[in-house]
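Its first residue numbered 229, the sequence shown is counted upward by one per residue in this note's numbering.
Glycine included, every Cβ here is placed at the ideal spot set by N, Cα and C.
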Amino acid sequence: MTVHDLKHAASDSARLEAVGGRLSRVDGPAKITGAAKYAFEQQLDGLTHAVLVGATIAAGKVTAIDTRAAETAPGVLAVLTPDTIMELRGASDWFGNPPALSTYCPLAREVTFSGQHVAAVVAETFEQAVAATALVKVWYDETPAIVDLSDGKAGDGIAIDAMTKEWGDAQAAFAEAPVRICAAYNTPREFQAAMEPHGLIARWEGDELTIWEPSQWLDGMARTYAEWFGVPFENVRLVSPYIGGGFGSKALALAHSAVAAAAAKMLGRPVKLVLNRPQNFTSYGGRAATRQTVAIGADKTGRIQSIVHRGVNETAVDGMWVEPLGSVTSIMYATPNFSSKQNVVRVNTVVPGAKRAPGENPSAFGIECAIDELAHELGIDPLEMRLINYAEQDPHAKKAWSTRQLREAFAAGAEAFGWAKRSPQPRSMRDGRQLIGWGVAAGTYPVRRAHGEAVVKIMADGSVVVESSSIDMGQGTYTILAQTAAETLGVPVEQVSVKLGDSHFARAGVTGGSRLAGVMTGAVYKAAGQALDELIGLALSDPRSPFQALQANTLSVKDGRIASPRGEGPELSIAEFMAAVGRDQIEAKGDTMPANSTPEQRYKNYTTIAMALPHTEGDWSRYSWCAHFVEVKVDEDFGTVRVSRVVSALDSGRLYNPKLAESQWKGGIIMGIGQALLEEGIVDRRHGRIVNGNFADYMLPTNADIPDIQTISVGIPDPHSSALGGKGVGELAIVGIAPAIANAVFHATGKRVRDLPITLEKLI
Ligand code: MCN
Ligand code: MOS
229 MTVHDLKHAA
239 SDSARLEAVG
249 GRLSRVDGPA
259 KITGAAKYAF
269 EQQLDGLTHA
279 VLVGATIAAG
289 KVTAIDTRAA
299 ETAPGVLAVL
309 TPDTIMELRG
319 ASDWFGNPPA
329 LSTYCPLARE
339 VTFSGQHVAA
349 VVAETFEQAV
359 AATALVKVWY
369 DETPAIVDLS
379 DGKAGDGIAI
389 DAMTKEWGDA
399 QAAFAEAPVR
409 ICAAYNTPRE
419 FQAAMEPHGL
429 IARWEGDELT
439 IWEPSQWLDG
449 MARTYAEWFG
459 VPFENVRLVS
469 PYIGGGFGSK
479 ALALAHSAVA
489 AAAAKMLGRP
499 VKLVLNRPQN
509 FTSYGGRAAT
519 RQTVAIGADK
529 TGRIQSIVHR
539 GVNETAVDGM
549 WVEPLGSVTS
559 IMYATPNFSS
569 KQNVVRVNTV
579 VPGAKRAPGE
589 NPSAFGIECA
599 IDELAHELGI
609 DPLEMRLINY
619 AEQDPHAKKA
629 WSTRQLREAF
639 AAGAEAFGWA
649 KRSPQPRSMR
659 DGRQLIGWGV
669 AAGTYPVRRA
679 HGEAVVKIMA
689 DGSVVVESSS
699 IDMGQGTYTI
709 LAQTAAETLG
719 VPVEQVSVKL
729 GDSHFARAGV
739 TGGSRLAGVM
749 TGAVYKAAGQ
759 ALDELIGLAL
769 SDPRSPFQAL
779 QANTLSVKDG
789 RIASPRGEGP
799 ELSIAEFMAA
809 VGRDQIEAKG
819 DTMPANSTPE
829 QRYKNYTTIA
839 MALPHTEGDW
849 SRYSWCAHFV
859 EVKVDEDFGT
869 VRVSRVVSAL
879 DSGRLYNPKL
889 AESQWKGGII
899 MGIGQALLEE
909 GIVDRRHGRI
919 VNGNFADYML
929 PTNADIPDIQ
939 TISVGIPDPH
949 SSALGGKGVG
959 ELAIVGIAPA
969 IANAVFHATG
979 KRVRDLPITL
989 EKLI
């Protein structure tokens with residue numbers, strides 16, 4: 229331990245294994261040594277390989293496909309086209325709404341985006357399948373594509389009424405405000421860019437389907453497969469113990485998933501299909517490109533009188549994605565008058581999807597830059613500006629915050645960063661030819677809640693097994709659930725093994741919206757509590773129990789040993805006790821659903837998102853909060869921007885494991901640095917094609933781009949947010965970091981860049 233670590237340990241739980249302890253990732257050694265087996269590493273007998281053929285146009289019809297040459301190529305087992313692939317049934321959406329069409333074909337006849345799957349080759353080897361795809365000839369009847377939001381054909385789009393938020397008279401109050409700013413902010417198409425690609429291995433045994441596929445939602449995806457193939461939900465088993473990142477992209481079964489599962493059924497052999505890197509940019513959607521206009525009217529003291537916000541995001545021609553752009557705008561600052569509206573515009577793209585903090589992330593880019601512009605206009609320090617307009621309650625829901633340590637975050641962050649030493653004028657701080665800029669921005673993410681289920685088993689040897697069909701894609705689920713079970717049962721954490729990533733374990737809902745940790749610690753706490761009650765009940769009442777003679781009404785378990793709390797009578801290890809009473813195991817299944825829930829409600833809770841609990845339910849409005857302080861250095865001659873320092877103070881309530889929460893926050897900050905300076909999906913205007921769909925041209929931050937990042941936890945336990953008092957961690961820190969950088973760049977250069985990413989040509 230370094231001195232730094234010790235200092236942390238003092239404020240966290242003293243015991244590593246307890247909830248709140250800085251236990252290292254329990255899955256770490258398996259990952260470092262290569263023992264962890266990822267989905268595509270399964271070795272199955274008779275495995276075949278499928279490779280997809282993607283459309284080379286962005287809009288039009290497939291008029292003909294010539295498969296003859298491919299079919300006779302070495303090793304080829306089948307060439308699938310819209311005409312030859314088996315017919316699937318339509319599946320319900322993630323709310324559980326029934327499908328619009330009764331059948332589903334995952335290979336397209338009507339092309340709505342470049343790269344859309346139109347055919348697939350299955351062969352004995354991967355190389356044979358790749359070679360044969362080059363022999364598949366596809367003819368198209370091409371029609372003009374709407375390439376992106378700036379396309380003249382795109383139009384204003386469709387108004388999404390559900391996104392409208394209004395109170396007071398925002399337009400009139402804005403018109404009358406003595407100080408006004410109004411600006412447009414744009415974010416480009418961005419991608420989740422997880423290291424592990426998408427893909428799967430599908431195997432049928434009779435009408436039972438096993439899928440090895442990286443997944444953020446085993447139960448939801450199992451439902452989709454079951455519906456596509458018309459088999460009972462229980463017949464589908466998804467396996468996904470390790471995942472190389474998802475960032476929102478791996479929650480749904482997608483067209484390529486359907487192709488592989490259908491091919492396996494048709495051939496009667498297991499099929500492996502893994503998307504290549506370019507296909508990972510077109511087979512599922514990243515963050516939609518967005519445009520926002522933010523108008524703020526204030527009085528001369530900086531008090532906001534009105535916010536008028538208009539947003540647009542791109543969606544697909546044949547699918548709907550709404551990126552809620554007014555989500556942060558409507559809650560961050562107190563204002564008597566407010567109006568936010570949003571449209572979506574259809575363009576020829578794959579349906580955009582969830583990328584870490586969908587909605588909140590671009591929303592914060594708009595409002596957190598705009599507030600900085602207002603501060604500059606008024607000559608008020610941007611941190612002070614935020615305090616002047618601090619929202620003491622949720623301005624939209626008009627409810628009290630469950631907990632909001634944002635003021636504490638501003639104070640702690642400013643102190644650690646040295647904000648007081650900032651000189652207010654742009655271009656007033658420099659280090660030789662490097663202009664120095666300091667920027668601040670806030671972030672937030674709602675506490676999304678749902679019910680969870682877990683099985684906890686106390687084994688004959690005293691070990692404990694926790695089972696859940698939830699997942700760990702790197703956040704730390706294995707570790708925090710081991711800590712929760714260890715603390716609740718009073719056993720050393722090394723005796724606990726957590727098994728995740730199998731849909732035949734106790735059910736779990738989606739790992740999205742930063743909810744899993746709160747949901748699953750609650751479920752494991754409950755199941756472990758039930759297992760403990762059973763253990764103690766047995767010890768007190770079983771005739772074979774050495775404790776029975778004590779006539780006690782309770783016992784305690786500490787460090788895996790059972791004893792009377794007053795130290796009377798025997799003391800036995802759990803293993804000795806289990807032997808004495810002749811038990812193999814004690815098993816408890818616990819869930820946080822209301823006791824009278826029907827099986828249908830339980831099924832719906834785990835396989836759809838329809839039963840999530842609103843974050844403004846009851847008397848409280850529940851959010852995590854953060855404040856980012858950023859220093860940038862901008863080269864005066866070249867316009868290159870480097871982030872040289874980040875200090876972020878964050879309120880995620882109680883932390884289950886501060887070491888892992890810090891790592892999550894830093895991950896979000898790093899991703900936010902990428903968003904601010906590097907990431908941008910570029911569309912070729914002639915063909916509507918993503919031209920930088922690879923890791924060489926789609927720029928992502930590397931270690932050399934990332935400075936030392938300091939994170940400070942300012943959270944306090946929030947009893948209204950989760951069973952153990954934690955709020956969400958996973959997405960919080962990616963919210964607000966890009967505007968903090970944009971504001972720092974303005975402070976350094978005097979130039980406002982309102983289009984992400986902030987590349988050097990925009991500064992020259
Ligand atoms: N945690 C904590 N204290 C809390 C809450 C969480 O210590 N009060 C820590 C735990 O280690 C927990 C982790 O933070 O495992 C994340 O918890 P939570 O905020 O509940 O988020 P989820 O477990 O639901 O994870 C999903 C979230 C989302 S939605 C995206 S997107 C995202 C993210 O997590 N994708 C990730 N973090 C990611 N991290 C990795 N490595 N890879 C991804 O794809
Ligand atoms: Mo996260 S984008 O909600 O999976």
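- In this structure, residue 567 sits away from residue 591, with a CB-CB distance that is not shorter than 9 Å.
- In chain order, 578, 579, 580, 581 place their CB closer than 6 Å to the CB of residue 513, counting only its own chain and leaving out the 5 sequence neighbours on each side.
- Ranking 728, 952, 705, 756 by CA distance to the CA of residue 719 puts 756 first.
- If you look at residue 429, you'll find it in the beta strand (DSSP E) that goes 427-433.
- About 24 Å separates the beta carbons of residue 306 and residue 449, which is beyond the 8 Å limit, so they are not a contact pair.
- When DSSP states are grouped into helix, strand and coil, residue 506 belongs to the helix group.
- Non-local beta-carbon contacts of residue 774 in its own chain, meaning distances under 7 Å to residues more than five positions away in sequence, involve 798, 800, 808 in chain order.
- Not one heavy atom of ligand 1 falls within 8 Å of the beta-carbon of residue 353.
- Looking only at 418, 768, 611, 576, the smallest Cα-Cα distance to residue 909 is reached by 418.
- Within 8 Å of the C-beta of residue 929 there is not a single heavy atom belonging to ligand 1.
- DSSP places residue 449 within a helical segment (H, G or I) once states are collapsed to three.
- Annotation for residue 565: the continuous beta strand (DSSP E) segment containing it runs 565-575.
- Following the DSSP letters along the chain, one finds residue 589 inside the alpha helix (DSSP H) bounded by residues 588-606.
- Beta-bridge partners assigned by DSSP to residue 618: 561.
- Assignment of residue 986 by DSSP, reduced to helix, strand and coil, places it in the coil class.
- Secondary structure within the stretch 789-837: the beta strand (DSSP E) runs of 3 or more consecutive residues, fully enclosed, are 789-791, 799-801, 813-819 (chain order).
- In the three-state scheme derived from DSSP, where H, G and I count as helix and E and B as strand, residue 775 is classed as coil.
- Per DSSP, the unbroken beta strand (DSSP E) holding residue 852 starts and ends at 851-863.
- With a minimum length of 4 residues, the unbroken runs of alpha helix (DSSP H) contained wholly in the stretch 382-424 fall at 398-404.
- Shortest gap from the CB of residue 740 to any heavy atom of ligand 2: under 8 Å.
- It is roughly 18 Å from the alpha-carbon of residue 455 to the alpha-carbon of residue 429.
- Between the beta-carbon of residue 693 and that of residue 752 there is about 11 Å, and that puts the pair past the 8 Å contact cut.
- With fewer than 16 other Cβ atoms from the protein chains shown falling within 10 Å of its own Cβ, residue 410 counts as exposed.
- Taking 8 Å as the cut-off, the C-beta of residue 583 counts as close to a heavy atom of ligand 1.
- With a threshold of 8 Å, the Cβ atom of residue 479 counts as near ligand 2, since some heavy atom of the ligand is closer than that.
- Taking one beta carbon from each stretch, the stretch 777-788 and the stretch 647-665 have fewer than 3 pairs nearer than 8 Å; the two do not touch.
- Within the stretch 928-969, the complete beta strand (DSSP E) segments of 3 residues or longer fall at 937-941, listed in chain order.
- Between residue 967 and residue 669 a beta carbon distance of about 4 Å is seen, short of the 8 Å cut, so the two are scored as contacting.
- Within the chosen limit of 8 Å, ligand 2 does not reach the beta carbon of residue 892 with any heavy atom.
- When C-beta atoms of the stretch 364-382 are compared with those of the stretch 954-961, fewer than three pairs fall below 8 Å, so the two segments do not count as touching.
- Leaving aside the five residues that flank residue 401 on each side, the residues in its chain whose CB is nearer than 8 Å to its CB run, in chain order, 525, 533, 534, 564, 565.
- Excluding sequence positions up to five before and after residue 784, its CB lies within less than 8 Å of the CB of 718, 790, 791, 792, 793, all in the same chain and listed in chain order.
- Residue environment analysis places residue 847 among the exposed positions, since fewer than 16 neighbouring C-beta atoms fall within 10 angstroms of its C-beta.
- By the criterion of a C-beta distance shorter than 7 Å, residue 743 is surrounded in its chain by 676, 677, 678, 956, once the five residues flanking it on both sides are discounted.
- Taking a C-beta distance under 9 Å as the contact criterion, residue 343 and residue 507 qualify as a contact pair.
- Cβ contact annotation for residue 316 (same chain, cutoff 8 Å, sequence separation greater than five): 331, 332, 333, 334, 456, 457, 486, 490, in chain order.
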